[in-house]
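Some notes on the structure that comes next.
Numbering (UniProt numbering), first residue to last: 1 to 161.
In structure tokens:
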């Protein structure tokens with residue numbers, strides 16, 4: 001005799017439930033640093049199907065494209081809301097070269113309550129890292145948030161910044 005729990009596991013999932021699972025996958029992949037191609041690995045798909053037979057995972061391209069963009073937008077809106085009434089903000093930024101030889105820069109916003117938000121990561125590989133260019137990049141971020149909210153800017157000791 002079929003158990004009610006087994007029936008529930010094999011039924012078609014609602015769009016809302018699929019969306020919820022997809023969002024959870026995106027967060028897990030990003031936070032745990034899992035390579036995007038794992039989502040298409042047969043053993044990983046088998047794991048997901050064992051946990052929830054009615055769920056079909058998205059492709060690598062959908063996970064790292066559309067779903068990542070959607071989740072990023074949700075998080076960005078949350079950060080904007082958090083910073084809306086903030087004062088005495090500090091921005092910090094730093095750049096490095098990753099294993100793919102790309103020049104990655106991060107821009108963090110710190111609050112007086114010791115909260116820290118990653119405002120953005122930028123691939124600046126195709127840009128010359130002059131003081132003028134970096135100042136313009138920083139200025140654009142500060143303008144977007146509101147210059148009156150900032151008290152400080154922290155950088156490393158690089159000659160260009």
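Every residue, glycine too, gets a C-beta built ideally from N, C-alpha and C.
- Message: My parser needs the alpha helix (DSSP H) runs of 4 or more residues fully inside the UniProt domain "DUF659" (58-160); what are they?
- Response: Taking only runs of at least 4 residues, the alpha helix (DSSP H) segments lying wholly in the UniProt domain "DUF659" (58-160) are 68-83 and 131-145.
- Message: So, with DSSP's three-state summary, where would you put residue 37?
- Response: helix
- Query: From what residue to what residue does the alpha helix (DSSP H) around residue 17 run?
  - Reply: 15-32
- Residue range of the alpha helix (DSSP H) that includes residue 56: Premise fails: residue 56 is in no alpha helix (DSSP H) and is neither H nor E.
- Would you tell me roughly how many angstroms separate the C-alpha atoms of residue 158 and residue 65, rounded to the nearest one? 33 Å
- residue 110 versus residue 15: straight-line alpha-carbon distance, rounded: 37 Å
- Message: As a quick exercise: from 150, 13, 26 and 69, pick the residue whose alpha carbon is nearest that of residue 223.
- Response: In this structure the chain extends from 1 to 161, so residue 223 is not present and cannot be described.
- Task: Using only alpha-carbon positions, find the residue among 118, 152 and 97 that is nearest to residue 125.
- Result: For residue 125, the nearest C-alpha among the options comes from 97.
- Task: Determine the contact status of residue 89 and residue 151, defining contact as a CB-CB distance below 8 Å.
- Result: yes
- Task: Would you decide whether residue 32 is buried or exposed? Buried here means 16 or more other CB atoms lie within 10 Å of its CB.
- Result: Counting Cβ neighbours within 10 Å, residue 32 comes out exposed, since fewer than 16 surround it.
- Query: Where does residue 12 sit, in a helix, a strand or coil, going by DSSP?
  - Reply: coil
- Could you check how far apart the C-beta atoms of residue 161 and residue 134 are, in whole angstroms? I think they sit under 8 Å. 5 Å
- Got a sec? Which residues, its chain only, sit under 8 Å from residue 11 by beta carbon, not counting five neighbours each side? 54
- Query: Do you know offhand how far residue 76's Cα is from residue 57's?
  - Reply: 25 Å
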